[in-house]
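Below you'll find the structure, written out as structure tokens, and then a few comments.
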Amino acid sequence: MTLTQPIVVESGLQNLSESQEARETRSPNQELLPLTAKVNGDELEIGGCKVTDLVKDFGSPLYILDEETLRATSSQYRKAFKRYYPGESQVLYASKAWSCLAVCAIAADEKLGIDVVSSGEIKTALQAGVNPDKIYFHGNNKSREEIQLAVKSGCTIVADNWWDLENLAKLALAGVSHKAGEPTRVMVRFTPGIECHTHDYIKTGQIDSKFGFDPNSLKEVFTFLSKQPSLSCVGLHAHIGSQIFELQPHHDLADVIVEAFTEAIRHGLKPTEINIGGGLGIRYTESDDPPSIDDWAKTVCGAMVAACNKKKLPLPKLLCEPGRSLVGTACVTAYTVGSKKVIPGIRTYLSVDGGMSDNPRPITYQSVYRVLAANKMSEPLTEKVTVAGKHCESGDILIKDAQLPECQAGDILVVPATGAYNYSMASNYNRVPRPAAVLVSNGKVETIVERETVEDLLKFDRLPERLAGQK
Numbered sequence: 007m008t009l010t011q012p013i014v015v016e017s018g019l020q021n022l023s024e025s026q027e028a029r030e031t032r033s034p035n036q037e038l039l040p041l042t043a044k045v046n047g048d049e050l051e052i053g054g055c056k057v058t059d060l061v062k063d064f065g066s067p068l069y070i071l072d073e074e075t076l077r078a079t080s081s082q083y084r085k086a087f088k089r090y091y092p093g094e095s096q097v098l099y100a101s102k103a104w105s106c107l108a109v110c111a112i113a114a115d116e117k118l119g120i121d122v123v124s125s126g127e128i129k130t131a132l133q134a135g136v137n138p139d140k141i142y143f144h145g146n147n148k149s150r151e152e153i154q155l156a157v158k159s160g161c162t163i164v165a166d167n168w169w170d171l172e173n174l175a176k177l178a179l180a181g182v183s184h185k186a187g188e189p190t191r192v193m194v195r196f197t198p199g200i201e202c203h204t205h206d207y208i209k210t211g212q213i214d215s216k217f218g219f220d221p222n223s224l225k226e227v228f229t230f231l232s233k234q235p236s237l238s239c240v241g242l243h244a245h246i247g248s249q250i251f252e253l254q255p256h257h258d259l260a261d262v263i264v265e266a267f268t269e270a271i272r273h274g275l276k277p278t279e280i281n282i283g284g285g286l287g288i289r290y291t292e293s294d295d296p297p298s299i300d301d302w303a304k305t306v307c308g309a310m311v312a313a314c315n316k317k318k319l320p321l322p323k324l325l326c327e328p329g330r331s332l333v334g335t336a337c338v339t340a341y342t343v344g345s346k347k348v349i350p351g352i353r354t355y356l357s358v359d360g361g362m363s364d365n366p367r368p369i370t371y372q373s374v375y376r377v378l379a380a381n382k383m384s385e386p387l388t389e390k391v392t393v394a395g396k397h398c399e400s401g402d403i404l405i406k407d408a409q410l411p412e413c414q415a416g417d418i419l420v421v422p423a424t425g426a427y428n429y430s431m432a433s434n435y436n437r438v439p440r441p442a443a444v445l446v447s448n449g450k451v452e453t454i455v456e457r458e459t460v461e462d463l464l465k466f467d468r469l470p471e472r473l474a475g476q477k
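Numbering-wise (the working numbering), the sequence shown opens with residue 7 and increments by one.
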């Protein structure tokens, strides 16, 4: 059979006979579809399950998460750091990409730690069975209550600003700790002054950023920490952004962060860890060309070893925090086609039963996605359409000028690479309940997030008595 939808060929869809070992050698962040994606006649299968069957059984929109891809990605990160870094290392999953019990539990089972940014993410990670020793709490405006929860749970606090340090000191003075007499583990985040080519909203390494201490204030920060016996400065953190295709900025970060690490030692501190963040991009369309996980790890590990050797420092424990590149391409979203509007000579709109409420990235970041017809995989691409969401917003457009087979109501469309920042940023705009999510593996499917109902939304509404019963 000749495959007619380019995504199938160009995303590296394997033959049915391809071994699991062969699949795991491909870098999932460079794929358009999950590693287990296959075509069976006209039907797209993921994790051994037909997408059309999943929609029939669980409804749509539907997030479909492939367990094998998520595990393969986690394994590749972990093994690459062991391969290229002679010292101790730890991969953390940046759970803001998608924080739910199942994803965190799989990450923990793959020996990953978790990066969290709220009490909700802390509790999700803990309930999923993540060891608090491997939970790192970020955020530029942590509440005192959130910090207290993290400290009592035994998490490491990534101090982003003076507000964090002052609250940590006050809590310590009040006797708040994980174990009596044991200092709270603190990392210091600073802006390294490294910019990269990505969307302005997801740049974090430049000096003009809401995240992290200004590098010029680090001496004052280290002096403060040196006088706080209840706080143990275990290391430094820096992050330069997200969805990055360049390797040079990651290479450059090593010298900057090692210099700050040396300054901390000069102030009498005893840091042992360096966290270089994450940021590796993924492939959303055929034109995207991100580096592989292996190449990224080789670059950052090699640069860190060279920077430490230059300063004659023993190698610190090296941490990284991938999020998008861990879970992004492991998931697709399935939609059912509804209305179709043809404007002769201008555009054809194909509307689906979801949109900006389950994928806000196109309207927020002008993100570009690919789409395919899951029940017409062998049919020729004869139509150029704009896939529109169902929401009352002209900007609710998922994909412009998509090439698809001729589609009509009831057909199933699949948008790949929706594992990162889709469910986690989903909303109830237009009072639309959020979709369900399922985990697929070897032909088996399990619900990992229940579909919301309108009754769920109304549950938190309160009608004032004086308005009750009014017509």
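All C-beta atoms in this analysis are idealised placements derived from N, C-alpha and C, irrespective of residue type, glycine included.
Values in this document were obtained by computation on a predicted structure and should not be read as measured data.
- Between the alpha carbons of V446 and V306 lies a distance of about 33 Å.
- Per the DSSP secondary-structure output, I163 pairs in a beta bridge with F143 and V192.
- S66 is positioned such that its CB atom lies closer than 9 Å to that of T342.
- T339 is bridged by DSSP to Y69 and V421.
- Distance between L253 and G199, taken at the CA atoms: about 16 Å.
- Per the coordinates, the alpha-carbon of L231 lies some 53 Å from the alpha-carbon of G449.
- When DSSP states are grouped into helix, strand and coil, H257 belongs to the helix group.
- Setting aside the 5 residues that flank it on each side, E226 has no residue in the same chain whose C-beta is closer than 6 Å to its C-beta.
- Remark: C-beta atoms of I250 and L259 do not approach each other more closely than 9 Å.
- Inter-segment contact for the stretch 288 to 304 and the stretch 381 to 400 is absent: fewer than three beta-carbon pairs are separated by less than 8 Å.
- By the Cβ-count criterion, D115 is exposed, with fewer than 16 other Cβ atoms from all chains shown falling within 10 Å of its own Cβ.
- Residue range R367 to Y371 is occupied by the alpha helix (DSSP H) that includes R367.
- Residue pairing by DSSP places S238 opposite R191 in a beta bridge.
- By the neighbour-count criterion, in which a residue is buried when 16 or more other Cβ atoms sit within 10 angstroms of its Cβ, V97 is buried.
- Between L325 and G241, the C-beta spacing is below 9 Å.
- Straight through space, the alpha carbons of I163 and K323 are spaced by roughly 16 Å.
- For S447, the three-state secondary structure derived from DSSP is strand.
- Following the DSSP letters along the chain, one finds I128 inside the alpha helix (DSSP H) bounded by residues S125 to Q133.
- With contact defined as three or more Cβ pairs closer than 8 Å, the stretch 175 to 183 and the stretch 146 to 166 are in contact.
- Selection K304, I352 and F228 evaluated against R89 yields K304 as nearest (Cα-Cα).
- Counting C-beta atoms within 10 angstroms of its own C-beta, Q82 has 16 or more neighbours from the protein chains shown and is therefore classed as buried.
- Contact between T190 and S125 is absent: CB atoms are separated by about 17 Å, not below the 8 Å threshold.
- DSSP places F251 in the coil class of the three-state scheme, outside both helix and strand.
- Rounded to the nearest whole angstrom, the CA to CA distance from V136 to G329 is 16 Å.
- In the displayed model, C314 falls within a helix according to three-state DSSP.
- A distance below 6 Å between beta-carbons, with the five flanking residues on each side excluded, links A165 to the following residues of its chain, in chain order: L171, V192 and V194.
- A Cβ-Cβ distance of about 6 Å is found for the pair D417 and A379, placing them in contact under the 8 Å criterion.
- Per DSSP, the beta-bridge partners of A408 are V391.
- Between the beta-carbon of S357 and that of S345 there is about 5 Å, and that keeps the pair under the 8 Å contact cut.
- Listed in chain order, the non-local C-beta contacts of H243 below 6 Å within the same chain comprise V164, M193, R195 and N281, local neighbours out to five positions each way being set aside.
- In the DSSP assignment, I112 falls outside any beta strand (DSSP E) and lies within the alpha helix (DSSP H) extending over L107 to D115.
- Distances from the CA of V182 to each of S159, W168, I349 and W169 were compared; the closest alpha carbon is that of S159.
- In the structure shown, the three-state DSSP call for G344 is strand.
- Under DSSP, N281 forms a beta bridge with H243 and L325.
- The criterion of a C-beta distance shorter than 9 Å is satisfied by C161 and V122.
- Taken through DSSP and simplified to helix, strand or coil, L275 comes out as coil.
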